[in-house]
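One structure below.
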Amino acid sequence: MSTWQPLARALAGALLLTALVDGVPWTAGFRRAAVASRRAAAAYDRRPRTRRLALRLRCAGISLSPSRWRRAQLLASLPVAAAILVITGSAVAAAGGALSLVRVGGRLLLRLRRRRGADALERAALVVARAIAAEIAGGCGAAVALAGAVGNGVAREDPLAQQILSIGVARIALGEAAGFAFANAIASVVADHGERRGPQSGNGLDRLAVTYAIAAEAGVGTGQALRRLATALEDEQQATDSARARMAEARLVAAAVPALAALVAIALVTSSPTTLQAALTPLGSTLLAACALVATIGVLIVRRLTVTDHR
Numbered sequence: 098m099s100t101w102q103p104l105a106r107a108l109a110g111a112l113l114l115t116a117l118v119d120g121v122p123w124t125a126g127f128r129r130a131a132v133a134s135r136r137a138a139a140a141y142d143r144r145p146r147t148r149r150l151a152l153r154l155r156c157a158g159i160s161l162s163p164s165r166w167r168r169a170q171l172l173a174s175l176p177v178a179a180a181i182l183v184i185t186g187s188a189v190a191a192a193g194g195a196l197s198l199v200r201v202g203g204r205l206l207l208r209l210r211r212r213r214g215a216d217a218l219e220r221a222a223l224v225v226a227r228a229i230a231a232e233i234a235g236g237c238g239a240a241v242a243l244a245g246a247v248g249n250g251v252a253r254e255d256p257l258a259q260q261i262l263s264i265g266v267a268r269i270a271l272g273e274a275a276g277f278a279f280a281n282a283i284a285s286v287v288a289d290h291g292e293r294r295g296p297q298s299g300n301g302l303d304r305l306a307v308t309y310a311i312a313a314e315a316g317v318g319t320g321q322a323l324r325r326l327a328t329a330l331e332d333e334q335q336a337t338d339s340a341r342a343r344m345a346e347a348r349l350v351a352a353a354v355p356a357l358a359a360l361v362a363i364a365l366v367t368s369s370p371t372t373l374q375a376a377l378t379p380l381g382s383t384l385l386a387a388c389a390l391v392a393t394i395g396v397l398i399v400r401r402l403t404v405t406d407h408r
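Remember, my numbering sits 97 above the position in the sequence shown when you count from 1.
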């Protein structure tokens with residue numbers, strides 16, 4: 098990486114940082130600069146590669162635009178850069194190291210939270226099913242029940258459920274059949290969160306769409322069917338949460354044991370010049386690399402065996 102790349106990124110981030118301010122009585126020049134930075138941020142959000150980042154943020158359940166995510170990374174890199182600058186005394190090393198560490202940390206955070214969006218969709222399916230079932234139990238038809246569920250107290254507390262119901266009501270108002278309107282609303286929300294239509298992502302929403310379509314066509318016993326679906330979704334969610342809680346300890350141990358071993362090895366190697374020289378020999382380097390490879394494979398195997406999300 099060129100030494101100018103970290104400085105260029107820092108300069109671009111500083112320009113985008115001015116987009117955070119709005120409504121402050123700046124002078125005309127600063128106000129024009131703020132408007133220009135907001136336009137630059139909007140242009141950055143429209144880039145194809147940036148759209149992929151936006152999908153990853155939504156999948157992680159992070160309600161930030163890509164430009165604001167980059168600004169947050171820039172702000173987080175400032176104390177890291179200050180610490181590196183104190184240790185190394187090099188501004189270039191501080192800028193490059195801080196930006197690299199924050200970028201890697203951001204990628205790791207998005208990866209660790211990649212299931213948050215799908216989990217939110219599953220919770221929304223439960224909320225929507227209960228809200229519609231309550232309206233149908235009150236004697237409403239399928240289309241009227243969808244409109245009434247928008248104002249349901251439970252649905253108002255879930256943004257995704259509110260979004261699904263609102264889109265469905267709008268499509269019905271535009272002339273679509275109730276079943277198709279609701280299915281299309283679910284499809285648009287699932288696609289907006291970057292989830293593929295598969296056996297896991299949106300599974301509860303898929304079953305809800307089918308049950309609601311039956312309600313729209315038949316209208317007989319559908320309130321009870323939706324209540325049974327809501328109960329089944331709740332049981333599945335509790336089972337998944339219980340499995341995750343039981344597997345979390347195994348995954349934590351699988352990650353902590355190699356990390357502690359690596360820290361002990363680093364302490365032993367750096368504590369003695371003789372040990373350090375032995376570790377830098379071809380044989381020592383090969384043994385250390387082999388140990389790291391075995392530990393990594395072990396961690397991956399444990400994580401694979403303890404997966405609770407079936408895609």
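Ideal Cβ placement from N, Cα and C applies to all residues, glycine included.
Keep in mind it's a predicted model, so treat the numbers as computed, not measured.
For residue i, three-class secondary structure by DSSP
| i | result |
| --- | --- |
| Arg167 | helix |
| Asn281 | helix |
| Ser369 | coil |
| Leu390 | helix |
| Gly276 | helix |
| Cys156 | helix |
| Leu411 | Missing from the structure shown is residue 411; the chain here goes from 98 to 408 and no further. |
| Asp255 | coil |
| Leu271 | coil |
| Thr378 | coil |
| Leu161 | coil |
| Arg146 | helix |
| Gly235 | coil |
| Ser187 | coil |
| Gly265 | helix |
| Arg324 | helix |
| Arg210 | coil |
| Gly248 | coil |
| Thr337 | helix |
| Trp123 | Low per-residue confidence applies at Trp123: pLDDT is 49, beneath 50, and the placement is therefore not dependable, though the value from the model is reported in the following sentence. Trp123 falls in the coil class under three-state DSSP. |
Buried/exposed call for residue i, threshold 16 Cβ in 10 Å
| i | result |
| --- | --- |
| Pro145 | exposed |
| Gln321 | exposed |
| Glu232 | buried |
| Gly248 | exposed |
| Glu254 | exposed |
| Gly299 | In this prediction, Gly299 has a pLDDT of 47, which is less than 50 and means its spatial position is unreliable; what the coordinates show is noted afterwards. The residue is buried, with at least 16 neighbouring Cβ atoms inside 10 Å. |
| Gly367 | Sequence inspection shows Thr at residue 367; the Gly mentioned does not correspond to that position. That one is exposed. |
| Arg168 | buried |
| Thr383 | exposed |
| Thr185 | exposed |
| Arg136 | exposed |
| Thr371 | exposed |
| Leu205 | exposed |
Best match in the options for proximity to residue i [C-alpha to C-alpha]
| i | options | result |
| --- | --- | --- |
| Val177 | Gly194, Ser164, Val189 | Gly194 |
| Ala329 | Val350, Arg304, Arg343 | Arg304 |
| Ala240 | Arg325, Ala288, Ala280 | Ala280 |
| Leu349 | Leu380, Thr308, Thr372, Val396 | Val396 |
| Ala288 | Val307, Gln260, Val224, Thr308 | Gln260 |
| Val266 | Ala284, Ala246, Ala151 | Ala246 |
| Glu219 | Arg167, Ala310, Leu326 | Leu326 |
| Ala306 | Asp332, Ala364, Val189, Ala275 | Ala275 |
| Ile394 | Arg204, Ala179, Pro355 | Pro355 |
| Arg208 | Leu154, Leu196, Ile229 | Leu154 |
| Ala310 | His290, Arg149, Ile269 | Ile269 |
Between the CA atoms of residue j and residue i - distance to the nearest angstrom
| i | j | result |
| --- | --- | --- |
| Gln334 | Leu257 | 17 angstroms |
| Asp227 | Ala140 | Inspection of the sequence shows that residue 227 is occupied by Arg rather than by Asp. Distance between the alpha carbons of Arg227 and Ala140 is about 41 angstroms. |
| Glu314 | Glu273 | 13 angstroms |
| Ser164 | Thr378 | 46 angstroms |
| Cys237 | Gly158 | 34 angstroms |
| Ser160 | Gln170 | 15 angstroms |
| Ala278 | Leu223 | 19 angstroms |
| Ala133 | Ser263 | 34 angstroms |
| Leu152 | Ser285 | 13 angstroms |
| Ala179 | Arg200 | 16 angstroms |
| Leu385 | Val391 | 10 angstroms |
| Ala191 | Leu302 | 48 angstroms |
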